[in-house]
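I have placed the structure first, in the form of structure tokens, so that the comments after it can refer back to it.
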């Protein structure tokens with residue numbers, strides 16, 4: 004425990020007598036200092052017991068003593084020791100009154116007690132307290148290290164740290180989500196610190212912040228300290244500790260040890276994740292090469308369970324490919340959701356894209372879909388505010404459920420859905436949405452329209468001269484699958500007239516309408532230029 008004035012008063016060898024300020028004897032003493040200066044304040048740091056004999060001050064002058072004591076109190080001096088039998092046979096009443104008025108503890112030091120004995124007592128007590136703090140810190144470090152090596156890992160470490168500090172502790176992952184808290188009730192408080200954790204994560208590691216009792220998650224007078232985790236500039240996680248008072252030396256040792264251990268655990272986990280990512284990339288390549296047997300053998304226990312049930316393939320891309328961008332957040336979202344649900348997930352970065360292979364109906368797929376829809380809603384709101392000026396951001400394509408033998412098909416489905424998402428300015432398109440819908444909306448692409456305009460331009464120019472209605476006749480003929488009578492009836496012309504017009508179409512385009520590919524291209528061109536209403 005820290006040394007207090009009460010400890011010195013109770014020290015039988017010192018024989019100190021309390022003359023004023025008895026109600027403040029529980030104040031900690033940082034040091035004992037002897038000074039006979041009329042104004043010793045410039046040499047005070049605060050927390051000192053000042054020892055004087057009044058060689059250069061008039062201790063009997065009430066006004067001078069009021070000014071003297073007031074300066075000491077403002078400088079943070081916690082007590083005043085006055086030696087009697089040197090310049091004064093007893094402590095002057097003016098000094099006693101001034102000390103009582105300011106509430107400054109005033110101790111009478113008898114002549115047979117040298118100041119050196121007091122400073123030695125203070126020094127020994129401070130050294131003992133520091134030794135105790137260091138010893139307690141090392142013991143806490145050993146306990147935290149054992150906890151970190153336990154099967155529970157960070158959860159056990161947080162429990163020991165909270166017990167040591169007499170407060171609470173929480174751990175946040177790279178996304179800012181609470182992954183563990185101790186005691187359990189602290190999870191609610193930790194969750195309310197999300198904005199503060201986000202601000203800390205945006206600063207280069209290492210970084211820290213102290214939140215006062217008025218912070219969002221600091222309830223009941225908590226003092227909350229946040230510490231970033233990670234050896235690089237990117238924050239890998241955040242540790243939060245809540246206590247009812249500033250940390251002492253032992254508490255500081257414990258927190259620093261926890262930060263080091265959690266950083267080591269996080270970096271080791273990151274290295275393991277990198278190795279797992281390389282293995283996952285190999286499994287994906289084998290699946291796409293139609294080698295499910297080899298893929299299963301390589302997947303082993305890590306990804307093997309993922310290949311035992313139907314899975315979904317997700318392909319995403321974004322303009323911002325950094326780890327803190329939408330694409331990096333999507334990958335973190337998939338991994339975090341899978342980790343919490345204890346289900347396997349395969350996340351493979353591919354340049355400016357990310358491929359995710361996750362269990363159908365599992366937490367990872369649901370989390371990715373929810374994230375993409377959130378992004379789309381946010382983007383829609385931004386576009387409305389900016390009159391359509393929002394950036395496209397992330398685009399996601401999601402395949403239908405598949406097994407190892409159908410991984411290649413699932414990948415192509417996800418790519419096709421991604422292509423549709425890009426063209427439509429959507430954040431998410433699922434394969435089912437493409438497969439059950441019409442192909443007509445896909446023709447809205449500018450490149451498709453340009454091709455259609457070029458293909459039909461000569462026919463439109465012919466019709467513009469008033470020499471016939473070749474475009475309308477072509478549309479009617481194609482709509483009736485080449486049936487002359489039905490198409491002619493739709494147009495209100497004789498079938499011979501329609502035959503003549505179709506020959507003119509062939510002559511102008513230089514292509515035969517007997518070719519099914521030509522008919523298909525012309526039909527799609529008509530759809531692209533006129534829309535689904537025709």
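Numbering (the working numbering), first residue to last: 4 to 537.
Positions of the beta carbon are idealized from the N, C-alpha and C atoms, including for glycine.
- Spatial neighbours of residue 301 in its own chain (CB-CB distance under 8 Å, excluding positions within 5 residues in sequence) are listed in chain order as 282, 285, 286 and 289.
- According to the DSSP secondary-structure assignment, residue 175 is paired through a beta bridge with 181 and 241.
- The C-beta distance from residue 430 to residue 379 rounds to 4 Å, short enough to meet the 8 Å contact threshold.
- Cβ neighbours of residue 228 within its own chain (closer than 6 Å, five residues either side excluded): 213 and 244.
- Residue 61 is not a Cβ neighbour of residue 170, given a cutoff of 8 Å.
- In the structure shown, residue 230 adopts extended strand secondary structure according to DSSP, grouped into three states.
- The alpha carbon of residue 27 has as its nearest neighbour, out of 381, 94 and 105, the alpha carbon of 105.
- Secondary structure at residue 7: strand, using DSSP grouped into helix, strand and coil.
- Assignment of beta strand (DSSP E) within the segment 16-50, counting only whole runs of 3 or more residues, yields 20-23 and 34-37 in chain order.
- Going by DSSP, residue 211 is part of the beta strand (DSSP E) stretching over 211-214.
- Short of 7 Å from the beta carbon of residue 328, and not among the five residues preceding or following it, lie these beta carbons of its own chain, in chain order: 321.
- Across the structure, residue 65 and residue 97 are spaced so that their CA atoms are roughly 5 Å apart.
- Residue 185 is a Cβ neighbour of residue 172, given a cutoff of 8 Å.
- In the three-state scheme derived from DSSP, where H, G and I count as helix and E and B as strand, residue 296 is classed as helix.
- Going by C-alpha positions, residue 257 is about 25 Å away from residue 205.
- Distance from residue 110 to residue 12 at the Cβ level is roughly 7 Å; contact confirmed, criterion being Cβ atoms closer than 8 Å.
- Using a Cβ-Cβ distance cut-off of 8 Å, the segment 409-427 and the segment 465-479 are not in contact, since fewer than three pairs of beta carbons, one from each stretch, lie closer than that value.
- For residue 358, the CB contacts under 6 Å within the same chain, skipping 5 residues up- and downstream, are 318 and 351 in chain order.
- For residue 122 against residue 35, the beta-carbon gap comes to about 5 Å, under 8 Å, which counts as contact.
- Note: residue 320 is bridge-paired with 356 and 398 in the DSSP secondary-structure output.
- Cβ neighbours of residue 481 within its own chain (closer than 8 Å, five residues either side excluded): 522, 525, 526 and 529.
- Sixteen is the threshold: when 16 or more other Cβ atoms of the shown chains lie within 10 Å of the Cβ of residue 167, as they do, the residue is buried.
- The beta carbon of residue 520 lies closer than 7 Å to none in the same chain, with the five residues before and after it left out.
- By the Cβ neighbour-count rule, residue 339 is buried, with 16 or more other Cβ atoms within 10 Å of its own.
- A residue is called buried when at least 16 other Cβ atoms come within 10 angstroms of its Cβ; residue 138 does not meet this threshold and is exposed.
- In the displayed model, residue 254 falls within a helix according to three-state DSSP.
- With a minimum length of 4 residues, the unbroken runs of alpha helix (DSSP H) contained wholly in the segment 508-537 fall at 519-533.
- Within the same chain, Cβ atoms closer than 7 Å to the Cβ of residue 68 are found at 62, 97, 98 and 101, the five residues on either side in sequence being excluded.
- Taking all protein chains in view, the Cβ of residue 313 is surrounded by fewer than 16 other Cβ atoms within 10 Å, so the residue is classified as exposed.
- When 264, 251 and 58 are compared, the shortest CA-CA separation from residue 135 is found for 251.
- The beta carbons of residue 516 and residue 461 sit no closer together than 8 Å.
- In the DSSP assignment, residue 432 falls within the beta strand (DSSP E) that extends over 431-433.
- Contiguous alpha helix (DSSP H) elements confined to the segment 95-135 occur at 96-105, taking only those with 4 or more residues.
- For the options 198, 181, 115 and 200, the alpha carbon positioned closest to that of residue 191 is the one of 181.
- Shown here for residue 472: same chain residues with a beta carbon closer than 7 Å to its own, the five before and five after excluded, namely 466 in chain order.
- In the structure shown, residue 305 falls within a helical segment according to DSSP collapsed to helix, strand and coil.
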